[in-house]
Each structure stands twice: as structure tokens, then as C-alpha cells.
Amino acid sequence: MLIVNAVLETPDTADFSLWPVAELAPYQFMALSGSMSPLQVGSALARLVDYNTHSGDDDRPLVDAGEAIGRLLETDKVVAPGGLRLHDTRTNVTVRPGCCCGLEDWREWLGVADGENPWLGHDPSPRLEHVDEAVQLWPDTVDAQETTPGQPIVMVMGDLLGILHTVQEDLQGFLSLTEQWATRHAPALAEDLAARLDEDMAISAPLRRTSGGP
22 MLIVNAVLET PDTADFSLWP VAELAPYQFM ALSGSMSPLQ VGSALARLVD YNTHSGDDDR
82 PLVDAGEAIG RLLETDKVVA PGGLRLHDTR TNVTVRPGCC CGLEDWREWL GVADGENPWL
142 GHDPSPRLEH VDEAVQLWPD TVDAQETTPG QPIVMVMGDL LGILHTVQED LQGFLSLTEQ
202 WATRHAPALA EDLAARLDED MAISAPLRRT SGGP
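Laid out in C-alpha cells, this is it:
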């Protein structure tokens, strides 16, 4: 069975005190969905704030959730370090996003049906190869152009759109929980935060192939 999750890099919260967060190992991946706990949602927001806001010489340290979310909303575009994680339960092979891969670009996977390759990041450097009516994915290779040893994950093209619809449903669930979280921690910005994440992470818009197909 192939399991595909939208994942976000976990934050380093050793010195974080703006709101409660889950105890997670830093710089791993957490799956985003509608089944997350409030602490996990808090961790996701902590990572987004940390990744997208940078204090300059004239900036005061963030003092509360409202200020942190407000600064996040001031960014040109919210970037979410992560992507899609694929796991084959039969072979126990997992393909994780590499460095510099962003979850906000998850819709690039729609182009796979048209022979395109989404950016999967580097170090690790996952590799994708089109084979007939499927794609094969390897977890890592030093050079993405080299033939990678080991067993790949196989995704049938006919399953792609259904997989991405499931990813979209998970992201919509996360978005709903995020608005609920913000209603408690930054109530004046709850609607703005949900709308901004929806837009920048391309969550709610209908799924369409890059070629214009259904």
C-alpha cells in the first residue's frame, strides 16, 4: 500500500515560548492533516514563523503569538519547508522531501501525469523516473542522474489524481485546525492567517493537470 502525506519540517523549539508546542525532534517531518493535536498545530505554526520571519538589527524579539503571526503575514509569500512523503508499506521504502523542497509547491506533482518531474530537493536527493504508465521513485542518490540501487516506490499514473485529492483533503483539515488554533492564540488574525495559508500553499483551489486536462 502506498501512503502519501503532506509533511512539514519540524521546528527546533528548545527556546520557543510564544505558545504551547508538541515535543518533537527538530528537523524531521510531521504530517499535516485534520487529525493533528493543538500542540502539533502549534509546532507547525512555530516552524512557519521561524522559517519565514527573520529579525533584523532594528526588530524587537517577538513577544507573543499575535506579533509572531502578524510578522508571518507580512512576508511576501509563506514558504513551508517540506513536501510530499511517500511510503510503501509492502517494501518499507520511504521517499522524503530533500533540502530546499517546499510544501507550497505540492501541486507540481500534477505535472507528473504529463511527463514532468517535480522538484524533490537535495541532500537527500530523491529521484523520479517515468516508466510506461507509472513512475519509480528512489529515496536518495548522490547524483540524481545516476541509476540508483535498491528498490523504488512505484506509483501508477492512474492513481495520481486520487492521491493528490487525499493530500488536498489533509491540507484542508490542517487549514481548518490552524484557524481554530489562531482563534485561541491570535483571534484578531485567525481569518487572515487561514486565508493566507490557503493562498500561498494552494490548498483549496480545484486540482487541474498542468496540461489543462481534468
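Just so you know, we're using the working numbering here: the sequence shown kicks off at 22 and counts up by one.
Virtual Cβ for every residue (Gly too), placed ideally from N, Cα, C.
Residue environment for V84: exposed (fewer than 16 other C-beta atoms within 10 angstroms of its C-beta).
In the DSSP assignment, L105 is bridged to A27.
Here the C-alpha atom of R111 lies approximately 11 Å from the C-alpha atom of V175. When the beta-carbon positions are compared, L141 and C122 come within less than 8 Å of each other. The alpha-carbon of A155 is positioned some 17 Å away from that of L105. According to the DSSP secondary-structure assignment, R148 is paired through a beta bridge with W159. Inter-residue distance for D219 and E30 is about 18 Å (C-alpha atoms, whole angstroms). Fewer than three Cβ pairs drawn from the segment 196-206 and the segment 176-183 lie within less than 8 Å of each other, which leaves the two stretches out of contact. Less than 8 Å separates the beta-carbon of L228 from that of L131. In the assembly as shown, S64 is a buried residue. Its beta-carbon has 16 or more other beta-carbons within 10 Å. In the three-state reduction of the DSSP assignment, T110 falls in the coil class, being assigned neither a helical nor a strand state.
Taking the Cα of L45 as reference, the smallest distance to any Cα among N26, I24, N138, A67 is reached at A67.
Around the beta carbon of P139, 16 or more other beta carbons lie within 10 angstroms, which makes this residue buried. With a 10 Å radius around the Cβ and a threshold of 16 neighbouring Cβ atoms, N73 comes out buried. Per DSSP, G119 has no beta bridge partner at all. By the 16-neighbour rule on beta-carbons within 10 angstroms, G55 is exposed. Distances from the alpha-carbon of M22 to those of D135, D109, A226 put D109 closest. About 6 Å separates the beta carbons of R217 and L94, which is inside the 8 Å limit, making them a contact pair. Under a 10 Å Cβ-count criterion, E150 is classified as exposed, with fewer than 16 other Cβ atoms of the shown protein chains found around its own Cβ. The C-alpha of Q61 is placed about 15 Å away from the C-alpha of S38. Only residues of its own chain outside the window of five on either side were considered, and among them H108 have a CB closer than 6 Å to the CB of I24, listed in chain order. Take the alpha-carbon of E88 and the one of P208: they are about 12 Å apart.
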